[in-house]
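In full-length UniProt numbering, the protein residues as written are 1 to 137.
Structure (structure tokens):
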């Protein structure tokens, strides 16, 4: 749900499986405790990185997304699991461009949530210019 182009539907392999034997896979799943930096040498070969959110309280996936985007990853970055609609704008700022929440989310509610704030206060992986930089150059 959400990415502008077609989402990637190939099943994702675990990070361990990818690193141990399946380096030809084009979709990888990161669990909450996995180190996203292990994928950095392979980013040009991966079409989808799915990041697990086992609980809405577990924020480690935000760091994984930012690490991957700042390293130049341009493929689909999907937040999967206990993802809440009010978290999606922040997830998008960290670099997620698709979502696979456990619970169904109304598309109109999602769209309103993603458009709620016109300005941001800090830099992030999405490249939006913070309001202070707009005001003071």
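Even glycine gets a Cβ: it sits at the ideal position worked out from N, Cα and C.
- Selection 64, 55, 106, 118 evaluated against residue 125 yields 64 as nearest (Cα-Cα).
- By the neighbour-count criterion, in which a residue is buried when 16 or more other Cβ atoms sit within 10 angstroms of its Cβ, residue 83 is buried.
- Contact between residue 81 and residue 103 is ruled out by a C-beta separation of about 10 Å, above the 8 Å threshold.
- Under the three-state reduction of DSSP output, residue 55 falls in the coil class, being neither helix nor strand.
- Counted as a single uninterrupted DSSP element, the alpha helix (DSSP H) harbouring residue 92 occupies residues 88-94.
- In the three-state reduction of the DSSP assignment, residue 84 falls in the coil class, being assigned neither a helical nor a strand state.
- The stretch 67-76 and the stretch 105-120 do not touch, with fewer than 3 CB-CB distances between them shorter than 8 Å.
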